[in-house]
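Step one of this worksheet: look at the structure below.
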Amino acid sequence: MNRHLCVWLFRHPSLNGYLQCHIQLHSHQFRQIHLDIRLQVFRQNRNCILHLLSKNWSRRYCHQDTKMLWKHKALQKYMENLSKEYQTLEQCLQHIPVNEENQRSLNRRHAELAPLAAIYQEIQETEQAIEELESMCKSLNKQDEKQLQELALEERQAIDQKINMLYNELFQSLVPKEKYDKNDVILEVAAGRTTGGDICQQFTREIFDMYQNYSCYKHWQFELLN
130 MNRHLCVWLF RHPSLNGYLQ CHIQLHSHQF RQIHLDIRLQ VFRQNRNCIL HLLSKNWSRR
190 YCHQDTKMLW KHKALQKYME NLSKEYQTLE QCLQHIPVNE ENQRSLNRRH AELAPLAAIY
250 QEIQETEQAI EELESMCKSL NKQDEKQLQE LALEERQAID QKINMLYNEL FQSLVPKEKY
310 DKNDVILEVA AGRTTGGDIC QQFTREIFDM YQNYSCYKHW QFELLN
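Per the numbering used here, numbering of the sequence shown is gapless, rising by one per residue and ending at 355.
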């Protein structure tokens, strides 16, 4: 039986395990094989990326120029691999029938990669637009084309702002998530039963509204239990 598609599903770069999930897709059969091997190239890229992000980037502050960080070869290679994995997963989900358990696993991984792949593609398109604009500016050397040069400069500044925002968004998405990021939270807000009176109840209400509004701002589901 001929093999049609083969893809490595890499885990999140923050994971330290060596067990990788290898999926072989055939025309009438889906097989999942766990191979306990060390992917030296990927591990080196992963470790290098984690070192770069931990040293130069946090969620609140960027310590190094985003363009310099983006141009790092390890990061470029890692994003290229993620993009290829995302494209292969899309083909798998659209054309290859799988059982329910594997379908959930593939859908979950596909959802994790979707925002990264979208940002990566937009960065590539923006970089191409910058190259085309620079090429056009080089041909505008005559004095009578000064107005066009000014317009091109304004457009370049707008594109630079856009691509820097994309870099920031990408790096924030690559930073390893906190352990409890995906967990639900039960929050109790209660006024003092013996002291405070109306002022205490009013302040407690304001605290509750603050958390509720913040939840709406973050697009989290909010449910009143009692």
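Quick reminder that beta carbons are idealized off the backbone N, C-alpha and C, glycines included.
- Judged by their CB atoms, Ser-302 and Leu-218 are not nearer to each other than the 8 Å cut-off.
- Exclusion of the five residues before and after Ile-259 leaves Ile-288 as the residues of its chain whose Cβ lies within less than 6 Å of its Cβ.
- Only residues of its own chain outside the window of five on either side were considered, and among them Leu-242, Ala-246 have a CB closer than 6 Å to the CB of Tyr-215, listed in chain order.
- The alpha helix (DSSP H) runs of length 4 or more contained entirely in the segment 185 to 264 are, from start to end of the chain, 195 to 199, 202 to 224.
- Secondary structure at Lys-291: helix, using DSSP grouped into helix, strand and coil.
- In this structure, Met-294 is the residue among Ile-336, Val-227, Asp-338, Met-294 with its C-alpha nearest to the C-alpha of Thr-255.
- Between the alpha carbons of Met-339 and Phe-332 lies a gap of roughly 11 Å.
- Cα atoms of Leu-353 and Leu-235: separation of roughly 33 Å, rounded to the nearest angstrom.
- Ranked by Cα distance from Leu-222, the first of Tyr-207, Glu-209, Ala-240, Asn-210 is Ala-240.
- In this structure Val-314 is not in contact with Phe-337, their Cβ atoms being roughly 14 Å apart against a cut-off of 8 Å.
- With respect to the 8 Å criterion, Leu-277 and Leu-269 are classified as neighbours on the basis of their beta carbons.
- Exclusion of the five residues before and after Ala-281 leaves Leu-262, Met-265, Cys-266, Leu-269 as the residues of its chain whose Cβ lies within less than 8 Å of its Cβ.
- Counting other Cβ atoms within 10 Å of its Cβ, Ile-328 stays below 16 and is therefore classed as exposed.
- The three-state reading of DSSP puts Phe-351 in coil, since its state is none of H, G, I, E or B.
- Distances from the alpha-carbon of Ile-248 to those of Lys-306, Gln-257, Ile-292 put Ile-292 closest.
- Selection Arg-334, Gly-326, Asn-312, Glu-335 evaluated against Gln-350 yields Asn-312 as nearest (Cα-Cα).
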